[in-house]
Amino acid sequence: MSEDAPALAIDRLDVRYGARKAVDDVSVTVRGGELVAVVGESGCGKTSTAMAAVGLVRPAAGSIRVNGVDLVATRGRRRRELLRSIQLICQDPYEALDPRFTVEDVVSEPLLVHRVTTSGAERRRLVVAALERAGIPSADSYLGRYPHQLSGGQLQRVAIASAIVLEPEVLIADEPVSMLDVSMRAGVLRLFADLRDAGIAIVMITHDLITAAQYADRVVVMYAGRVVEEGRPDVVLSSPLHPYTQALLAAVPDPERSRDTARPALPGEPPDLAALPPGCRFRPRCAAAIDACATIDPELAPAGQRASRDLHRVACIRVEAARSETASGRAGAAPAEADGTRPRLPVRSTEGPVS
Ligand code: SF4
89 MSEDAPALAI DRLDVRYGAR KAVDDVSVTV RGGELVAVVG ESGCGKTSTA
139 MAAVGLVRPA AGSIRVNGVD LVATRGRRRR ELLRSIQLIC QDPYEALDPR
189 FTVEDVVSEP LLVHRVTTSG AERRRLVVAA LERAGIPSAD SYLGRYPHQL
239 SGGQLQRVAI ASAIVLEPEV LIADEPVSML DVSMRAGVLR LFADLRDAGI
289 AIVMITHDLI TAAQYADRVV VMYAGRVVEE GRPDVVLSSP LHPYTQALLA
339 AVPDPERSRD TARPALPGEP PDLAALPPGC RFRPRCAAAI DACATIDPEL
389 APAGQRASRD LHRVACIRVE AARSETASGR AGAAPAEADG TRPRLPVRST
439 EGPVS
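Counting from 89, one number per residue, gives the positions in the sequence shown under my numbering.
Dropping the structure here:
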């Protein structure tokens with residue numbers, strides 16, 4: 089283990105399902121106390137990346153380092169210890185929690201699996217502490233309840249408690265609020281911000297750019313198994329350079345935009361991952377494509393001069409054209425409004441009611 093190693097370093101990861109390249113040469117690094125949002129349409133590879141990171145899918149290539157130790161190359165007891173450090177929170181708490189298990193059963197299970205303690209009293213103390221850390225007040229009174237006796241927000245907090253009861257260094261949350269009512273989302277998202285501020289490295293998978301903008305320290309945009317753009321949310325979301333990111337932003341509902349001036353949805357469908365088009369895989373949907381895009385498969389490359397952690401990277405051969413279009417208020421696949429405005433995206437605000 090290295091003192092300076094990031095909590096999670098995914099490097100050149102490939103995940104394949106038969107001929108389908110679900111994840112293709114993806115690298116993502118997350119440090120303790122950092123929240124990275126991975127965004128993109130369904131099927132872009134973000135969930136497969138998460139599954140590989142927690143050891144549920146075996147990669148075809150690449151490494152997944154937890155505090156500098158490669159999970160892919162590790163076996164036996166060391167692997168189990170590593171897996172204890174990196175926990176997954178699933179999208180649907182209604183399905184994730186067994187209806188026959190009480191709250192205490194659910195949150196105790198990781199402690200039993202990893203043989204953390206043989207003392208029932210100590211186990212209960214750890215369960216109550218995790219529930220309280222997950223924002224369930226008077227946690228003692230919830231221990232005997234079953235999932236059907238809890239609200240959606242409480243269910244997700246129980247799921248989070250079962251993930252943090254082992255005190256992991258990395259949390260991977262797969263669409264953690266997509267199944268929740270709007271009234272409960274802010275509270276659960278704020279909990280993730282608190283866990284991040286307590287030093288946990290968090291990967292939040294989401295298709296919701298507003299969520300990414302509000303809570304993330306960095307945004308990683310994936311398309312058809314690849315990272316196509318990454319950087320700080322204020323940079324990526326206010327000055328997107330990849331036409332796909334521009335199109336995602338164009339799809340953000342804007343209450344001030346009338347139905348008559350609504351932007352068109354992203355045209356077409358994502359490509360078949362078993363038969364990717366030659367050149368840039370976004371080309372069939374890209375209004376900014378030129379002939380060279382049919383032969384060049386663009387690599388993720390720096391688009392700015394900032395220090396490495398703040399680096400804005402883009403995988404598009406027309407970055408310079410996109411930059412000048414962005415600066416002048418125009419964009420490739422999804423033009424901004426005639427006055428140059430873009431959707432107003434709040435950045436990293438943790439204010440809001442707790443649910
Ligand atoms: S490389 Fe070409 S096709 Fe791909 S996103 Fe850039 S402009 Fe569009």
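We put the CB at the ideal spot given by N, CA and C, even for glycine. These numbers were taken from a predicted model, which means no experiment stands behind them.
| Check | Outcome |
| --- | --- |
| Check whether the Cβ atoms of Leu243 and Tyr182 sit closer than 8 Å, and answer yes or no. | yes |
| Thinking just about the alpha-carbon of each residue, which of Arg119, Val103, Arg104, Gly106 is nearest to the one in Ala93? | Arg119 |
| Would you mind giving the Cβ-Cβ distance between Leu96 and Val154, rounded to the nearest angstrom? I have them listed as a contact below 8 Å. | 6 Å |
| With DSSP as the reference, label Thr137 as helix, strand or coil. | helix |
| Which stretch, first to last residue, makes up the beta strand (DSSP E) that contains Leu259? | 258-262 |
| Is the Cβ-Cβ distance between Thr231 and Glu192 less than 8 Å? | According to the sequence displayed, residue 231 carries Leu and not Thr. Yes, the Cβ-Cβ distance between Leu231 and Glu192 is below 8 Å. |
| Rank Thr383, Asp360, Ser327 by C-alpha distance to the C-alpha of Ala409 and give the top, closest one. | Ser327 |
| Should Thr187 be counted as a contact of the ligand SF4 given a C-beta to heavy atom distance under 7 Å? | Checking the displayed sequence, the identity of residue 187 turns out to be Pro instead of Thr. Checking the Cβ of Pro187 against the ligand SF4 gives no. |
| Buried or exposed: Arg369, going by 16 or more other Cβ atoms within 10 Å of its Cβ? | buried |
| At the level of alpha carbons, what is the spacing between Tyr303 and Ile288? | 14 Å |
| Taking one C-beta from the segment 288-298 and one from the segment 256-265 each time, how about it: are there three or more such pairs within less than 8 Å? | yes |
| Tell me where the alpha helix (DSSP H) around Ala247 begins and ends. | 240-252 |
| Taking only heavy atoms of the ligand SF4 into account, decide whether any of them is closer than 7 Å to the Cβ of Phe370. | yes |
| Once DSSP output is grouped into helix, strand and coil, what is the label at Ser173? | helix |
| Starting from Tyr105, follow its DSSP beta bridges and name the residues at the other end. | Arg108 |
| Quick check on the burial criterion: 16 or more other C-beta atoms within 10 angstroms. Buried or exposed for Val270? | exposed |
| Got a sec: does the ligand SF4 put a non-hydrogen atom nearer than 7 Å to the Cβ of Ala391? | no |
| Let me make sure I understand the geometry here. Which of Leu329, Leu325, Val307 has the alpha-carbon closest to that of Val127? | Val307 |
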